[in-house]
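Enquirer: Please read through the structure below; I'll follow up with questions.
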Amino acid sequence: MLRLDRVSKRYPQGHTALQGVSLDLAPGSMHFLTGHSGAGKSTLLKLATAMERPSGGRIFFGDEEITRIPRRRIPHLRRAIGTVFQDHKLLYDRTVFDNVALALRVAGFPHRRIRGRVQAALSKVGLEGHQNKAPITLSGGEQQRVAIARALVNKPSLLLADEPTGNLDHKLANEVMNLFHEFHQFGVTVLVATHDLGQPERLGLPQIQLQEGQLAAQ
Ligand SMILES: Nc1ncnc2c1ncn2[C@@H]1O[C@H](COP(=O)(O)OP(=O)(O)OP(=O)(O)O)[C@@H](O)[C@H]1O
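Following this line, the structure appears as structure tokens:
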């Protein structure tokens with residue numbers, strides 16, 4: 413599903429964030445990406461969504477080589493890969509519905525389909541009934557669930573999350589991780605970067621550990 417072949421990333425200022433990383437995520441699998449601060453977790457996720465380009469190596473999403481993808485194909489790639497970040501980057505001057513609908517509007521979906529998809533995505537994350545609210549009126553955990561609904565609305569086959577529970581207390585963090593686990597059980601491939609080593613243990617899921625930009629254990 414997602415395959416990295418000897419991937420390296422050296423930022424322009426000269427810092428090597430990743431070095432010779434190879435991994436292969438099987439379709440439908442769920443992994444946690446762990447490692448110390450600065451180990452390269454966010455960099456790996458940015459490379460997988462073509463937000464950054466690697467300095468060496470190749471990345472494949474299914475049959476498509478992300479590292480060679482022409483610019484015009486990037487929006488298509490981003491629709492197939494759902495992303496969730498710690499600071500969920502919601503638009504605070506729009507409703508919950510509009511936040512989730514945005515990507516579908518940009519993609520030119522007809523109004524009725526947008527409505528159905530958005531409602532289904534909000535219901536999957538337990539936020540039915542909140543669609544007309546402003547995100548600011550929701551709790552941190554609820555806002556993160558809006559971000560997850562937004563990532564899911566395109567029905568991605570791969571879901572990447574970068575510290576999605578970093579700002580949440582223990583109980584809310586578990587709820588959000590349980591949601592990712594549910595999507596995995598429905599067949600979505602999931603990769604979650606986290607500092608919280610309790611989560612892979614609690615859910616009995618494998619870790620991909622980075623250390624100084626290299627794979628430590630799988
Ligand atoms: N845009 C950038 N320009 C220069 N250096 C960068 C850039 N982004 C990241 N780095 C450096 O690359 C290394 C890896 O950073 P990265 O954010 O991938 O680590 P991380 O494991 O996600 O860390 P954290 O857990 O703190 O988020 C760090 O040393 C960081 O300072």
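All you need for our numbering is the position in the sequence shown, starting with 1, plus 412.
Ideal Cβ placement from N, Cα and C applies to all residues, glycine included.
What you are looking at is a predicted structure, and each value in this text was computed from that prediction instead of being measured.
Among 628, 441, 432, which one has its Cα closest to the Cα of residue 421?
Expert: Of the listed residues, the one whose Cα sits closest to residue 421 is 432.
Enquirer: Measuring straight from C-alpha to C-alpha, what distance separates residue 556 and residue 480?
Expert: If I take the Cα positions, the gap works out to 32 Å.
Enquirer: Which residue's Cα is closest to the Cα of residue 438: 531, 449, 474, 580?
Expert: The residue with the shortest Cα to Cα distance from residue 438 is 474.
Enquirer: For residue 539, which residues in the same chain have their Cβ closer than 6 Å to its Cβ, ignoring the five residues on either side in sequence?
Expert: Taken in chain order, the residues that qualify are 557.
Enquirer: Quick one: which unbroken beta strand (DSSP E) runs of 3-plus residues sit fully inside the region 470 to 542? Chain order, please.
Expert: The qualifying runs are 493 to 497.
Enquirer: If you compare alpha carbons, which of 505, 486, 519 is closest to residue 549?
Expert: Cα-wise, what sits closest to residue 549 is 505.
Enquirer: Quick check: the region 583 to 591 against the region 504 to 520, are there 3 or more CB pairs under 8 Å?
Expert: Too few Cβ pairs lie closer than 8 Å, so no.
Enquirer: Cβ of residue 427 within 7 Å of any heavy atom in ligand 1?
Expert: Result yes, Cβ under 7 Å from ligand 1.
Enquirer: Does the region 457 to 472 come into contact with the region 568 to 575, if we say contact requires no fewer than three beta-carbon pairs (one atom in each stretch) closer than 8 Å?
Expert: The answer is yes - the region 568 to 575 touches the region 457 to 472, with three or more Cβ pairs under 8 Å.
Enquirer: I need the DSSP call for residue 546, collapsed to helix, strand or coil.
Expert: Residue 546: coil per DSSP, three-state reduction.
Enquirer: Evaluate contact between the region 598 to 605 and the region 437 to 451, counting only Cβ atoms and requiring at least three cross-stretch pairs below 8 Å.
Expert: Judged by Cβ distances under 8 Å, the region 598 to 605 makes contact with the region 437 to 451, as three or more pairs qualify.
Enquirer: Return yes when at least one heavy atom of ligand 1 lies under 7 Å from the C-beta of residue 451, else no.
Expert: Under cutoff, so the answer is yes.
Enquirer: For residue 589, does the three-state DSSP call read helix, strand or coil?
Expert: Note: residue 589 maps to helix in three-state DSSP.
Enquirer: Quick one: give me the first and last residue of the alpha helix (DSSP H) that residue 467 is part of.
Expert: Taken as a continuous stretch (DSSP letters only), residue 467 belongs to no alpha helix (DSSP H), as it is neither H nor E.
Enquirer: Let me confirm a value: residue 494 is counted as buried when at least 16 other C-beta atoms fall within 10 Å, else exposed. Which label applies?
Expert: Flag for residue 494 reads buried.
Enquirer: Determine which residues share a DSSP beta bridge with residue 626 and list them.
Expert: Per DSSP, 623.
Enquirer: What residues in its chain sit with their C-beta under 6 Å from that of residue 553, if we drop five residues either side in the sequence?
Expert: Once the five neighbours on either side are set aside, the close Cβ partners of residue 553 are 580, 584.
Enquirer: Assuming residue 418 contacts residue 469 under a Cβ cut-off of 8 Å, what Cβ separation, rounded to an integer in Å, is found between them?
Expert: The pair is a contact, with the Cβ atoms about 4 Å apart (cut-off 8 Å).
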